[in-house]
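Start counting the sequence shown at 1; every next residue gets the next number (UniProt numbering). Beta carbons: idealized from backbone N, C-alpha and C, even for Gly. Everything on this sheet refers to the single structure shown next.
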Amino acid sequence: MSTSTNPSSQVATVTLKDVSDWHNWYYLIKNQAEMEDIWEYYDPDLQEKPELLSSPPQPANVKEWLRTDTPPTGETQASMTGFKYKKK
């Protein structure tokens, strides 16, 4: 098995030369899928496959996480002011 990577895209290209390469190739696929938290959709050993999402989940509402009961610190206020000028 030969493997090459493209540093700019972080993609590994694997060439399977014979059956003995399959184990390494399977490991590469499984490892990448686990890092992306999607192995459950590829795992051939699962008896019951997970349900596919019909649409992507909605992002969290950031406003729910913001504290409004305390004023921002001087550093936060300064960075917000700087952002206000960049935004225009």
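Assuming W25 contacts A33 under a Cβ cut-off of 8 Å, what Cβ separation, rounded to an integer in Å, is found between them? The residue given as residue 25 occupies position 25 in the sequence shown. The residue given as residue 33 occupies position 33 in the sequence shown. With 8 Å as the limit, W25 and A33 do not qualify as a contact, their Cβ atoms being about 13 Å apart.
Residue 89 - partner residues in DSSP beta bridges: There is simply no residue 89 to check, as the chain begins at 1 and stops at 88 in what is shown.
Please identify the residue among Y27, V14 and V62 whose C-alpha is closest to the C-alpha of P44. Locating residue 44 in the sequence shown gives position 44, where the first residue counts as 1. Restricting attention to Y27, V14 and V62, the CA atom closest to the CA of P44 is found in Y27.
Nearest neighbour of T13, chosen from Y42, S79, I29 and E64 [CA to CA]: As a first step, residue 13 is located in the sequence shown; it is residue number 13 there, counting from the start. Looking at the Cα atoms, I29 is the closest of the given residues.
Using only the alpha-carbon positions, how far apart do P57 and W65 sit? Translated into positions along the sequence shown, residue 57 becomes position 57. Translated into positions along the sequence shown, residue 65 becomes position 65. As the crow flies, the alpha-carbon of P57 is around 18 Å from that of W65.
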